[in-house]
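Enquirer:
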């Protein structure tokens, strides 16, 4: 969809810094408002776009949490492997 001739292009809103919980709650409110109906097409589209941005914020938080969890599990698994290797080497040593 193009802008009418002479109209300034819409600027993208600055990216919000929201916690996961804030973004999730705002997204739930957007969904509730859309489900309630009674909006104009333009209002519905604006809310939908807002919901998409909020969903993206939630997805970023979840991706980050998954990465942190995977890193922590890899460290744990790596430490467990190191400890097993040290225990096995210690079994060969005479007492």
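Numbering (the numbering used here), first residue to last: 1 to 95. Backbone N, C-alpha and C define an ideal beta-carbon position, used for all residues, glycine too. None of these values were measured; they are calculated from a predicted model.
#1: Which one of 56, 35, 31 has the shortest CA to CA distance from residue 17?
#2: Under three-state DSSP, which class holds residue 47?
#3: According to DSSP, is residue 39 helix, strand or coil?
#4: With DSSP as the reference, label residue 79 as helix, strand or coil.
#5: For residue 23, which option in 53, 68, 72, 32 has the closest C-alpha, if you only look at C-alpha atoms?
#6: Answer with buried or exposed for residue 45, where buried requires no fewer than 16 other C-beta atoms within 10 angstroms of its C-beta.
Expert: According to the structure shown:
#1: Here residue 17 refers to the residue found at position 17 when the chain shown is read from its first residue. The shortest Cα separation from residue 17 among 56, 35, 31 belongs to 56.
#2: For the purposes of this step, residue 47 is identified with residue 47 of the chain shown, where counting begins at 1. In the structure shown, residue 47 sits in a helix (DSSP, three-state: H, G or I).
#3: Within the chain shown, numbered from 1, the residue matching residue 39 stands at position 39. Reduced to three states, the DSSP call for residue 39 is coil.
#4: Locating residue 79 in the chain shown gives position 79, counting from the first residue. In this structure, residue 79 counts as helix in the three-state DSSP scheme.
#5: As a working mapping, residue 23 is identified with position 23 in the chain shown. Of the candidates 53, 68, 72, 32, the one whose C-alpha sits nearest the C-alpha of residue 23 is 53.
#6: Position 45 of the chain shown, counted from the first residue, corresponds to residue 45. Exposed.
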